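Below is one structure, written out as structure tokens; comments come after it.
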Amino acid sequence: MSRNKEFDEIEVLDKAMQLFWEQGYEKTSMTDLVKHMGIHRRSLYDTFGDKHTLFLMALDRYDSKISASLARGVKRSKTAMEALQSVVGILICGEEDSPSGCLMVNSAVELAARDADVSDKSAEAFTKAEQLLKEIILWGQREGEFTSDYDAGELSEYLHNVGVGLRSMARTSIPREKLHRIANISMKLLEK
């Protein structure tokens with residue numbers, strides 16, 4: 533007779549995601565995960581498999597949460613510039629009660645060169661982010677807010693690169709004001 537799980541899988545997956553985000557993959561041990569997630573080691577293995585599988589699930593969970601957050605910000609926006617500012621605000625400040633920086637960027641830097649799964653997941657997430665930026669830029673170009681002197685796809689690649697840099701810098705002690713200055717100059721380049 534199988535036992536019912538005594539924990540919410542999404543809740544404990546969020547706890548694992550948080551820990552990987554704060555410490556990175558290599559620095560996070562199974563003992564750390566068991567303690568932080570508040571479940572037994574056996575339950576962790578039975579539910580999530582090994583550490584690597586759990587990590588990949590945490591990356592997927594992070595990607596879906598950040599994508600939903602970005603989409604909400606864009607949907608609430610009345611102009612393309614407002615949508616872009618919403619995206620940039622999330623890039624710099626993140627979500628409330630979240631570690632600084634970006635789990636996907638951190639993981640790509642830490643592991644992508646030697647872990648094909650992480651490389652694929654980060655490349656997929658980066659492509660999705662560029663697509664969102666491209667849609668915002670096209671919206672701004674159609675409405676006359678943004679310059680049409682440059683291709684929207686190329687501008688989205690540029691802005692995504694700035695975003696990755698901002699997410700990396702957000703992990704440091706660099707003042708948020710500096711990050712906002714960098715973002716504002718990048719957004720000004722789009723103005724007509």
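According to the numbering used here, the residues represented by the sequence shown are 533 to 724, in order.
Even glycine gets a Cβ: it sits at the ideal position worked out from N, Cα and C.
These numbers come from a predicted model, not from an experiment.
- Compute the beta-carbon to beta-carbon distance between S601 and E627, rounded to the nearest angstrom, for a pair I have assumed lies under 8 Å. Counting from one through the sequence shown, the residue named residue 601 turns up at place 69. Counting from one through the sequence shown, the residue named residue 627 turns up at place 95. Yes, they are in contact, since the Cβ atoms of S601 and E627 sit about 6 Å apart, within 8 Å.
- Where F539 falls: helix, strand or coil (DSSP): Here the question's residue 539 lines up with position 7 in the sequence shown. Assigned with DSSP and collapsed to three states, F539 falls in coil, not helix or strand.
- Task: Output the distance between the C-alpha atoms of K583 and E538, rounded to the nearest integer angstrom.
- Result: Within the sequence shown, numbered from 1, the residue matching residue 583 stands at position 51. Within the sequence shown, numbered from 1, the residue matching residue 538 stands at position 6. K583 and E538: Cα-Cα distance of roughly 20 Å.
- Within 10 angstroms of its Cβ, does H692 collect 16 or more other Cβ (buried), or is it exposed? Numbered from 1 along the sequence shown, position 160 holds the residue referred to as residue 692. Buried is the call here.
- Query: In angstroms, rounded to a whole number, what distance separates the CA positions of L545 and A640?
  - Reply: If you number the sequence shown from 1, residue 545 lands on position 13. If you number the sequence shown from 1, residue 640 lands on position 108. Near 20 Å, if we compare the C-alpha coordinates of A640 and L545.
- Decide if E709 is buried, meaning its Cβ has at least 16 other Cβ atoms within 10 Å, or exposed. Residue numbering aside, residue 709 sits at position 177 when the sequence shown is read from its first letter. Exposed, since its Cβ has fewer than 16 Cβ neighbours within 10 Å.
- Reduced DSSP category for E686 - H, G, I as helix; E, B as strand; rest coil: Taking the sequence shown and counting its residues from 1, the one referred to as residue 686 is at position 154. Helix, per DSSP.
- Is the number of C-beta pairs between the region 710-721 and the region 663-671 that are closer than 8 Å three or more? Because the criterion of three Cβ pairs below 8 Å is not met, the region 710-721 and the region 663-671 do not touch.
- Message: So, under 8 Å CB-CB, M569 and A603 are touching, yes? Tell me the CB distance rounded to an integer number of Å.
- Response: Stepping through the sequence shown from its first residue, residue 569 is reached at position 37. Stepping through the sequence shown from its first residue, residue 603 is reached at position 71. Actually they are not in contact, since the Cβ atoms of M569 and A603 sit about 28 Å apart, beyond 8 Å.
- Message: Closest to D629 by C-alpha separation, out of W553, A715, I706, R713, would be which residue?
- Response: The count along the sequence shown starts at 1 and reaches residue 629 at position 97. Its Cα nearest to that of D629, the residue W553 stands out among W553, A715, I706, R713.
- Message: Looking only at its chain, what residues have a beta carbon closer than 7 Å to the beta carbon of G556, apart from the 5 residues adjacent to it on each side?
- Response: On the sequence shown, position 24 is the one that residue 556 refers to. In its chain, beyond the 5 residues on either side, N638, E642 have a beta carbon closer than 7 Å to the beta carbon of G556.
- Item | Pick from C625, I598, D592 that is closest to P707, judged by C-alpha positions | Here residue 707 is taken as the residue at index 175 of the sequence shown, counted from 1. The closest CA to that of P707, considering only C625, I598, D592, is found on C625.
- Query: With 16 as the cutoff for other CB atoms within 10 Å, does E662 come out buried or exposed?
  - Reply: As a working mapping, residue 662 is identified with position 130 in the sequence shown. The residue is buried, with at least 16 neighbouring Cβ atoms inside 10 Å.
- As assigned by DSSP and simplified to three states, the class of E627: One-based indexing of the sequence shown puts residue 627 at position 95. Of the three classes helix, strand and coil, the one that applies to E627 here is coil, per DSSP.
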